[in-house]
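The block underneath contains the structure these notes are about, expressed in structure tokens.
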Amino acid sequence: MKTGLVLEGGAMRGIYTAGVLDVLMEQNIHVDGVIGVSAGAIHGCSYVSGQHGRSIRYYLKYGRNWRFMSFRSLLLTGNLVNTRFCYHDIPDRLDPFDHIAFQASPIDFYVTCTNVKTGQAEYFLCKDMMRQIDYVRASASMPFVSKKVWINHTPYLDGGVADSIPLKAFQKLGYERNIVVLTQVDGYQKKPSRNQHVPMYHRYPQFQKAILHRPQKYNLSLEQIKKAEEAGNTLVIRPSRDLHIHRMEKDLRKVRAMYMLGRHDAKENLSRIRSFLRV
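So in my numbering, the last one in the sequence shown is 261, and the numbering has no gaps at all.
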């Protein structure tokens, strides 16, 4: 029976997930596969490569740099998150990603992206981050503040638009027992969109629909996760308290606190995690 990690996104809230993953690495707790969405994919690949502490290290070091995430970057490049800085300068030079360890890892790594033409989620198995980094970039490219990422003549954006928490998809891929790491507190529900028109994507009506229906799909995913928990094949780790961290948080004290909360919650659940995975 294959075990998996399902990692929600949430921009800067996703640093919570990095805290959880660092504790799993410290405890030598491994799974057969990981599927990440947006920030979940960004932090998930460092878990697969075994790079403990990497995410919080570069978040704290570069989080206030305008090229990391800012409206200045959006104005100058068309992307809120600077492509050159975040997907090349950091992993290639400033805080190198361990490509050799990633490729050698027995853990399969999947990235969730939304096909802009169809409005549907697609799940890509990534074996080589040097050649497939654009899948992670697409998954983390939020609509309205990011350019479309073209891969094989197809435009992609934020995986969370079509499937924010891809537990069901991962189960279909053969991962029967999963730990789901959420970045919102228990009881959270996504509110319906106030704006019923998305003129920016008028050429992509299916993507428009996906954006408008995102709250309903997200809340439905939470219902499915709850049922999976009750069935005993899913374990959920979520923030034990609301730190009110913004998606574009620049207060590094809050960023660190969110990371530490992830560590705390993972440690509190270690016995449950070991029992669930039978390790």
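Glycine included, C-beta positions come from ideal geometry on N, C-alpha and C.
These numbers come from a predicted model, not from an experiment.
Spell out the partners DSSP gives residue i in its beta bridges.
i, result
"G15", "G(-14) and D90"
"R159", "T(-15)"
"L217", "I161"
"Y138", "N97 and V131"
Applying the 10 Å Cβ sphere with the 16-neighbour rule, what's the burial state of residue i?
i, result
"H269", "Within the shown structure, residues of the chain are numbered from -17 to 261, placing residue 269 beyond reach of any answer."
"I82", "exposed"
"Y240", "The amino acid occupying residue 240 in the given sequence is Met; Tyr does not appear at that position. Answer is buried; the Cβ neighbour count reaches 16."
"M(-17)", "exposed"
"V167", "exposed"
"S222", "exposed"
"R235", "exposed"
"N134", "exposed"
"Q33", "buried"
"L58", "exposed"
"D233", "exposed"
"A153", "With the sequence shown as reference, residue 153 is identified as Gln, and Ala is not the correct amino acid for it. The residue is buried, with at least 16 neighbouring Cβ atoms inside 10 Å."
"F126", "exposed"
"E8", "exposed"
"G214", "exposed"
"E231", "buried"
Considering residue i, what are the terminal residues of the alpha helix (DSSP H) in which it resides?
i, result
"L107", "No alpha helix (DSSP H) contains L107, which is instead part of the beta strand (DSSP E) from A103 to C108."
"P187", "P187 to A213"
"Y170", "Careful: Y170 lies outside any alpha helix (DSSP H) and carries neither H nor E."
"V63", "It is not in any alpha helix (DSSP H) - V63 carries neither H nor E in the DSSP assignment."
"R245", "L234 to E250"
"A120", "M111 to S121"
"A151", "L149 to K154"
"A23", "A21 to V30"
"I38", "R36 to Y44"
"L76", "Note, L76: premise wrong, no alpha helix (DSSP H); not H, not E."
"R7", "The sequence shown places Met at residue 7, not Arg. Start and end: I(-3) to E8."
Since residue i and residue j should fall inside the 8 Å C-beta cutoff, what is the C-beta to C-beta distance between them, to a whole number of angstroms?
i, j, result
"Q190", "Y183", "5 Å"
"C68", "F50", "6 Å"
If you follow the beta strand (DSSP E) that residue i is part of, which residue opens it and which one closes it?
i, result
"V131", "V131 to I133"
Does any residue of chain D bring its CB to less than 8 Å from the CB of residue i?
i, result
"V30", "Absence of chain D from the displayed structure is noted, only one protein chain being present."
Requested in this report: Give a yes or no on contact between the segment 143 to 158 and the segment 101 to 108, applying the rule of three or more CB pairs nearer than 8 Å.
Outcome: yes
Query raised in the report: Taking three-plus beta-carbon pairs below 8 Å as touching, is the segment 104 to 124 in contact with the segment 39 to 57?
Result: no
Query raised in the report: With contact counted as at least three CB pairs below 8 Å, one residue from each stretch, are the segment 30 to 47 and the segment 120 to 134 in contact?
Result: no
Requested in this report: Would you be able to state if there are at least three C-beta pairs under 8 Å between the segment 242 to 250 and the segment -2 to 6?
Outcome: yes
Query raised in the report: Contact between the segment 151 to 171 and the segment 72 to 82: three or more CB pairs below 8 Å?
Result: no
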